[in-house]
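Respectively, the protein sequence lines represent chains Y and P. For the first sequence, my numbering begins at 981 and goes up steadily by one. For the second sequence, my numbering begins at 358 and goes up steadily by one. Think of the CB as a built atom: it goes at the ideal place given N, C-alpha and C, for glycine as much as any other residue. A quick write-up on the structure given underneath.
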Amino acid sequence: MPSGAELIKKAKEQITEVDPREVHDLLSNGHRNGTVLVDCREEHEFEEAHLPGAVHVPRGHLESRIEGAARDKSERVIVYCASGSRSALAAKTLIEELGYERAESMTGGITLWKDRGYEVETPRRLTPEQRERYSRHLLVPEIGLEGQLKLLDAKVLLLGAGGLGAPTSLYLAAAGVGTLGIVDDDVVDLSNLQRQVIHTVDRIGTPKVDSAEQAIADINPGIEVVKYQTRLDASNIMEIIDGYDVIVDGVDNFPTRYLLNDATVRLKIPVVSASILGFDGQLSVFAPYDGPCYRCLYPTPPPAELAPSCGANGVLGALPGVMGVLQAIEVVKLITGSGEPLIGRLLLYEALSTSFTDLKVRRDPECPICSRDPESISDDEMGVFPDYEQFCAAAG
Amino acid sequence: MSTIRIPPVLRASTGGEREVAAEGADVGELLRALAAAHPATESQLFGDDGTLNRYVNVYLNDEDVRVLNGLDTAVKADDTLVILPAMAGGA
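Okay, structure coming up:
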């Protein structure tokens, strides 16, 4: 049997080794042409310092996690470690056992890289408490440490602390979204408790923003909560929403939805929008200029008799739970940049038939709002639609 | 027969039916067949000039008929038509 040193020597002969200079050139010219750079060292080594843009896949988890980092086996994968030995063995495994066509090992590892004076990233760290709290996120390659840090830095505004706002605020707080703004002017009522699971019997009569703040603190005291005990309207919307990364829309009336759309297009803030009625829910992500806006989907609101949200209507208590959790997931995807957010698509959920339907939504080239330069949208135009006065009068 | 899926706000006009089967060669024929079977839906779907109300979105399978051929879009027997007015409930 060969010695360990012989095995490593042989592996280096069998694979392609790449000099740090070539990797440096690849990174510094900005376009890596699909090359995936993999750090195969242990976690504590990676956290100490790593190459810019490297993905961490420890050698001990190579087989189980590499496909999360490099899906396309024909892509070039450059593996490095501390000195080039572990990465040579890892590259050999990738080629011989996992079918990667262009797995290579960087000569001399990060040690030689640093000796050459090339830049390394020293990542921000989580506290031990955060490491434990978010451990299940850290294990998911699509989130990991990088995604968790993005979540901790993120500012998300929730419009409403009601049926949809209950699950979104709880799950986003639990996920570690660093700042949660909540807009709601209402107080907790007994009839809310059939579905608004952040509120409690002993908080009946207290403002919903205060009750939500308490529920958030109970599950994750590290979250900063910004309360707006008011109704969103034309006079305050620009001031409230400015500076947020994502807005979660669960408002219960059309005028505010149009107003929100126009303001978020102007400020280019993505909106994760859901609505519920009876046993049916709708969900979409409106990302200004990347996809359609709310007005592209619904250019005009229905007449009041077809807009039952204006009056008191029933809803299955668990329905906002489903739709709100779907919203929370879309928010996490937008913040971490993972997966394909529901942009340009409308998801319908019909609880009675247990069916999900995915419809395509196109940008309207003649959209009165998002077909234009955001700078040109004036205050007077925001939230206006053709039959606004009539609509609001009919809706009472 | 094609299937027309009825949104919650129109179900009062279809006797509570969530899906209605209809016969027709194109989207317009299907919707008119629906209006004939359930007259209360007619004014909700069509304006006085016979065109589809702008606040009603209609999808053939997963595509908005407005980016297809509108009411003239041809329909196959096993297609599904989704009628979708805007909803705004959130609380």
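Within a Cβ cutoff of 7 Å, which residues of the same chain sit near residue 398 of chain P, ignoring the five residues on either side of it in sequence? Along the second sequence, one-based indexing puts residue 398 of chain P at 41. Closer than 7 Å at Cβ, skipping near neighbours: 367, 370, 371, 391 and 392.
Under the assumption that residue 1295 of chain Y contacts residue 1256 of chain Y (Cβ atoms under 8 Å), give the Cβ distance between them as a whole number of angstroms. To locate residue 1295 of chain Y, count along the first sequence from 1; it is residue 315. To locate residue 1256 of chain Y, count along the first sequence from 1; it is residue 276. Correct: roughly 5 Å between the Cβ atoms.
Should residue 378 of chain P be flagged as near chain Y, meaning a C-beta pair shorter than 8 Å? If you number the second sequence from 1, residue 378 of chain P lands on position 21. It does not: the Cβ of residue 378 of chain P has no partner Cβ on chain Y nearer than 8 Å.
For residue 1211 of chain Y, which residues of its own chain have a beta-carbon under 6 Å away from its beta-carbon, when the five flanking residues on both sides are left out? Here residue 1211 of chain Y is taken as the residue at index 231 of the first sequence, counted from 1. Answer for residue 1211 of chain Y: 1165, listed in chain order.
What's the gap between the Cα of residue 1014 of chain Y and the Cα of residue 1057 of chain Y? Here residue 1014 of chain Y refers to the residue found at position 34 of the first sequence. Here residue 1057 of chain Y refers to the residue found at position 77 of the first sequence. If you take the alpha carbons of residue 1014 of chain Y and residue 1057 of chain Y, they lie about 9 Å apart.
I'd like to know whether the C-beta of residue 1348 of chain Y is nearer than 8 Å to at least one C-beta of chain P. On the first sequence, residue 1348 of chain Y is found 368 positions in, with the first residue counted as 1. Among the residues facing chain P, residue 1348 of chain Y is not included, as its CB has no counterpart in that chain under 8 Å away.
Could you name the residues of the stretch 417-445 of chain P whose beta carbon sits closer than 8 Å to any beta carbon of chain Y, in the order they occur along the chain? 419, 420, 421, 424, 439, 441, 442, 443, 444 and 445
Does any residue of chain Y have a CB that is nearer than 8 Å to the CB of residue 366 of chain P? Walking along the second sequence from the start, residue 366 of chain P turns up at place 9. Output row for residue 366 of chain P: interface = yes.
Would you mind listing the beta strand (DSSP E) stretches within the stretch 1319-1375 of chain Y that are 3+ residues and don't spill past its ends, in chain order? 1325-1330 and 1335-1340
Selection of the stretch 1138-1152 of chain Y by Cβ proximity to chain P, strictly under 7 Å: Hits within the stretch, in order: 1140, 1142, 1143 and 1144.
Whole angstroms are fine: how far does the CA of residue 1154 of chain Y sit from the CA of residue 423 of chain P? By one-based count along the second sequence, residue 423 of chain P stands at place 66. By one-based count along the first sequence, residue 1154 of chain Y stands at place 174. One C-alpha to the other measures close to 42 Å.
Return the first residue and the last residue of the beta strand (DSSP E) that residue 1084 of chain Y is part of. Stepping through the first sequence from its first residue, residue 1084 of chain Y is reached at position 104. Segment 1082-1086, the beta strand (DSSP E) holding residue 1084 of chain Y.
Mind checking whether residue 1062 of chain Y and residue 1090 of chain Y have CB atoms under 8 Å apart? Here the question's residue 1062 of chain Y lines up with position 82 in the first sequence. Here the question's residue 1090 of chain Y lines up with position 110 in the first sequence. With contacts defined by Cβ atoms closer than 8 Å, residue 1062 of chain Y and residue 1090 of chain Y form a contacting pair.
What are the boundary residues of the alpha helix (DSSP H) that includes residue 378 of chain P? As a first step, residue 378 of chain P is located in the second sequence; it is residue number 21 there, counting from the start. Per DSSP, residue 378 of chain P belongs to no alpha helix (DSSP H); it is in the beta strand (DSSP E), 376-379.
Contact check, residue 1071 of chain Y vs residue 1085 of chain Y under 8 Å by CB: the rounded distance? Along the first sequence, read from residue 1 onward, the residue named residue 1071 of chain Y stands at position 91. Along the first sequence, read from residue 1 onward, the residue named residue 1085 of chain Y stands at position 105. Indeed they touch by this definition, with Cβ atoms about 4 Å apart.
Status (buried if at least 16 other CB within 10 Å, exposed otherwise) for residue 365 of chain P: Taking the first residue of the second sequence as position 1, residue 365 of chain P is located at position 8. By the 10 Å Cβ count, residue 365 of chain P comes out buried.
N- and C-terminal bounds of the alpha helix (DSSP H) containing residue 1314 of chain Y: Taking the first residue of the first sequence as 1, we reach residue 1314 of chain Y at position 334. Looking at the DSSP string, the run of the alpha helix (DSSP H) that includes residue 1314 of chain Y is 1299-1316.
Buried or exposed (CB count within 10 angstroms, at least 16 for buried), residue 1385 of chain Y: Coverage of chain Y is limited to positions 981 through 1376, which leaves residue 1385 of chain Y absent and any answer about it impossible.
Spell out whether any CB of chain Y is found under 8 Å from the CB atom of residue 374 of chain P. Your numbering for residue 374 of chain P matches position 17 in the second sequence. Chain Y, which has no Cβ nearer than 8 Å to the Cβ of residue 374 of chain P, makes this no.
Could you give the distance in angstroms between the alpha-carbon of residue 1141 of chain Y and the alpha-carbon of residue 1168 of chain Y? Within the first sequence, the letter at position 161 stands for residue 1141 of chain Y. Within the first sequence, the letter at position 188 stands for residue 1168 of chain Y. So the alpha carbons of these two residues sit roughly 10 Å apart.
Quick one, are the C-beta atoms of residue 1033 of chain Y and residue 1074 of chain Y less than 8 Å apart? The count along the first sequence starts at 1 and reaches residue 1033 of chain Y at position 53. The count along the first sequence starts at 1 and reaches residue 1074 of chain Y at position 94. No, they are not a contact pair.
Check this for me: beta carbons of residue 1261 of chain Y and residue 1299 of chain Y, under 8 Å apart or not? Within the first sequence, residue 1261 of chain Y is the residue found at index 281, counting from 1. Within the first sequence, residue 1299 of chain Y is the residue found at index 319, counting from 1. A Cβ-Cβ contact shorter than 8 Å links residue 1261 of chain Y with residue 1299 of chain Y.
What are the boundary residues of the beta strand (DSSP E) that residue 1008 of chain Y is part of? As a first step, residue 1008 of chain Y is located in the first sequence; it is residue number 28 there, counting from the start. Taken as a continuous stretch (DSSP letters only), residue 1008 of chain Y belongs to no beta strand (DSSP E), being part of the alpha helix (DSSP H) at 1000-1008.
Residue 997 of chain Y by DSSP, collapsed to three states: which one? On the first sequence, position 17 is the one that residue 997 of chain Y refers to. DSSP places residue 997 of chain Y in strand when its eight states are reduced to three.
Is there a Cβ from chain Y that is less than 8 Å from the Cβ of residue 411 of chain P? Against the second sequence, residue 411 of chain P aligns to sequence position 54. Taking Cβ atoms only, chain Y reaches closer than 8 Å to residue 411 of chain P, which makes this a yes.
List the residues of chain P whose Cβ lies closer than 7 Å to the Cβ of residue 1280 of chain Y, in chain order. The residue you call residue 1280 of chain Y lines up with position 300 of the first sequence. Within 7 Å Cβ-Cβ: 411 and 412.
Start-end ranges of the alpha helix (DSSP H) lying completely within the stretch 1192-1248 of chain Y, minimum 4 residues: Complete alpha helix (DSSP H) runs here, min 4: 1217-1221 and 1234-1247.
Ends of the alpha helix (DSSP H) at residue 1094 of chain Y? Within the first sequence, the letter at position 114 stands for residue 1094 of chain Y. Start and end: 1089-1095.
DSSP state of residue 1258 of chain Y, grouped into three classes? Along the first sequence, read from residue 1 onward, the residue named residue 1258 of chain Y stands at position 278. Judged by DSSP in its simplified three-state form, residue 1258 of chain Y adopts strand.
Using a C-beta cutoff of 8 Å, does residue 1165 of chain Y count as contacting chain P? Position 185 of the first sequence, counted from the start, is the residue given in the question as residue 1165 of chain Y. So, not an interface residue.
Contiguous beta strand (DSSP E) assignments of at least 3 residues, all confined to the stretch 1088-1162 of chain Y: 1135-1139
C-alpha gap between residue 1147 of chain Y and residue 1280 of chain Y, whole angstroms: As a working mapping, residue 1147 of chain Y is identified with position 167 in the first sequence. As a working mapping, residue 1280 of chain Y is identified with position 300 in the first sequence. It is roughly 29 Å from the alpha-carbon of residue 1147 of chain Y to the alpha-carbon of residue 1280 of chain Y.
Exposed or buried, which one is residue 1040 of chain Y when buried takes at least 16 other CB atoms within 10 Å? Sequence index remark: in the first sequence, residue 1040 of chain Y carries index 60 (1-based). It is exposed - the Cβ of residue 1040 of chain Y has fewer than 16 other Cβ atoms within 10 Å.
Would a check of beta-carbon distances place residue 1092 of chain Y closer than 8 Å to chain P? The sequence position of residue 1092 of chain Y within the first sequence is 112, counting from 1. At a cut-off of 8 Å, the C-beta of residue 1092 of chain Y has no neighbouring C-beta in chain P.
Using a Cβ-Cβ distance under 8 Å, would residue 1340 of chain Y count as near chain P? Here the question's residue 1340 of chain Y lines up with position 360 in the first sequence. Yes, contact with chain P.
Taking CB distances under 8 Å as the criterion, tell me whether residue 1234 of chain Y reaches chain P. Here the question's residue 1234 of chain Y lines up with position 254 in the first sequence. It does: the Cβ of residue 1234 of chain Y has a partner Cβ on chain P nearer than 8 Å.
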